[in-house]
């Protein structure tokens, strides 16, 4: 056998207050758990732009051109319309080209109702939404949205909204009539205080924002209260190398690791913050509809079972990739920890995690 069968990456712990952090691999073949064909029937999608994986493993899919949000319960025949589905329109029970969803701890849905230039909140079980941001027409004013593509919430209920066509991210407090600029807003560009057609956003427990700066092929981190961003993934032009991104769209943050959906590369990159390159964990085998392929993925998430979920937009489906193995760092106070994997004489992989605790 040529080469060293041992793979020994060094992984930095996230500190004494770190939560449990997993080192996982996923099967390269996915299975369809929602959608799979285009149309307007309840089991079909038309250009789905976003999704959310619930704590019960149900999947909320933003079915953009059908102007609705569908909740799927994999393994059953149950599919429920939980928002919209009453034709495109501006009524409280309608949506118009929605593009994102966030579900809070109470089960309320926050939906970027993009064609109506607003964010709607739908209480669990309600047939109508309430406008909680925008709704004042298209524009650049702080009480307006032009192209809402993503949002996230902090623990105080503040919304962080990506206003793509205005190249900015707004923080919108509960009950407020306007947002506060927290990133971008200086025109589309490559400078550290600019973003160019951003798409996705997420937030860590320190208040740092992570934004997919789509047309700059990078992910930017904006520290709390800082207008200049730092590149934490990509930024090396559009390409297929491990240190490049090509039109990144949705992203998911798991402790100090980003999962990034790349539209044109049709792959999901796992990128540890602080590393100079990422690892492909799904797709990356050319655009296609095979079980090991993706075609223009828009969103990615980890489910409560640690399986990887991908919204495979051009294939009008949600793919689930089973976690094939995992090993966890439990957050203890250590100088470092090492993750080992070795191929044994029986051709099975053996794995271990070794700690050096602080004295």
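In this note's numbering, the protein residues as written are 35 to 393.
Think of the CB as a built atom: it goes at the ideal place given N, C-alpha and C, for glycine as much as any other residue.
Quantities reported herein were computed from a predicted structural model and do not represent experimental measurements.
query                                                                                                                                                                                            : result
Below 8 Å, how does it come out for the region 121–130 and the region 159–174: are there three or more Cβ pairs, yes or no?                                                                      : yes
Apart from the five residues just before and just after residue 147, which ones in its own chain have a Cβ nearer than 6 Å to its Cβ?                                                            : 129, 132 and 154
Would you kindly check if the distance between the Cβ of residue 181 and the Cβ of residue 202 is under 7 Å?                                                                                     : no
If we ignore side chains and look at the alpha-carbon of each, how far apart do residue 335 and residue 233 end up?                                                                              : 15 Å
With a cut-off of 8 Å on the beta carbons, I'd call residue 82 and residue 96 a contact; round off their distance for me.                                                                        : 6 Å
Flag this pair as yes or no: are the beta carbons of residue 332 and residue 342 separated by less than 7 Å?                                                                                     : no
Could you give the first and the last residue of the continuous beta strand (DSSP E) run that contains residue 168?                                                                              : 164–168
Can you look up residue 284 in the DSSP assignment and give me helix, strand or coil?                                                                                                            : strand
Just how far apart, CA to CA, sit residue 90 and residue 191?                                                                                                                                    : 22 Å
Which runs of the alpha helix (DSSP H), 4 residues or longer, sit entirely within the region 329–365?                                                                                            : none
Taking the beta strand (DSSP E) that residue 17 belongs to, which residues open and close that run?                                                                                              : Past the edges of the chain, shown from 35 to 393, lies residue 17, and the structure says nothing about it.
For residue 136 and residue 194, I'd like the C-alpha separation in whole angstroms.                                                                                                             : 11 Å
The beta strand (DSSP E) spanning residue 236 covers which residue range?                                                                                                                        : 235–237
Alpha carbon to alpha carbon, what distance is there between residue 353 and residue 168?                                                                                                        : 33 Å
Just mark residue 71 as buried or exposed, buried being the case when its beta carbon has 16 or more other beta carbons within 10 Å.                                                             : exposed
Identify, in the order they occur along the chain, each residue of the same chain with its Cβ nearer than 6 Å to the Cβ of residue 300, setting aside the five sequence neighbours on each side. : 317, 321, 328 and 329
For residue 151 and residue 283, I'd like the C-alpha separation in whole angstroms.                                                                                                             : 20 Å
Would you list the residues sitting across from residue 244 in a DSSP beta bridge?                                                                                                               : 236 and 255
Candidates 323, 239 and 298: which alpha carbon is nearest residue 288's?                                                                                                                        : 239
Give the single residue among 173, 207 and 200 whose Cα lies nearest to the Cα of residue 189.                                                                                                   : 207
What do you reckon, is the C-beta of residue 260 under 6 Å from a heavy atom of the ligand FAD?                                                                                                  : In the structure shown, the ligand FAD is absent, as is every other ligand, since no ligand is present at all.
Note down the Cα distance separating residue 323 from residue 173, rounded to an integer number of angstroms.                                                                                    : 38 Å
Answer yes or no: do residue 117 and residue 156 have a C-beta to C-beta separation smaller than 7 Å?                                                                                            : yes
Please name the residue in 313, 69, 339 and 119 whose C-alpha comes closest to that of residue 274.                                                                                              : 313
Helix, strand or coil, according to DSSP, for residue 65 in the structure here?                                                                                                                  : strand
What does the Cβ neighbour count give for residue 371, buried or exposed, with the cut at 16 atoms within 10 Å?                                                                                  : Because the pLDDT at residue 371 is just 43, under 50, the model does not fix this residue reliably, and the point stays unresolved.
Tell me, which residues are paired with residue 205 by DSSP?                                                                                                                                     : 194 and 214
So for residue 98, helix, strand or coil by DSSP?                                                                                                                                                : helix
Among the residues of its own chain, which have a CB less than 8 Å from the CB of residue 339, if the five just before and after it don't count?                                                 : 91 and 357
Identify, in the order they occur along the chain, each residue of the same chain with its Cβ nearer than 6 Å to the Cβ of residue 226, setting aside the five sequence neighbours on each side. : 262 and 263
For the beta strand (DSSP E) holding residue 303, just list the boundary residues, first then last.                                                                                              : 301–306
Return the chain-ordered list of same chain residues with a C-beta closer than 7 Å to the C-beta of residue 271, the five sequence neighbours on each side being excluded.                       : 251 and 278
With 16 as the cutoff for other CB atoms within 10 Å, does residue 290 come out buried or exposed?                                                                                               : buried
Could you compute how far the alpha carbon of residue 326 sits from the alpha carbon of residue 315?                                                                                             : 10 Å
Based on the DSSP output, what are the partners of residue 296 in its beta bridges?                                                                                                              : 282 and 301
Taking the C-alpha atoms as reference points, what is the distance between residue 254 and residue 244?                                                                                          : 6 Å
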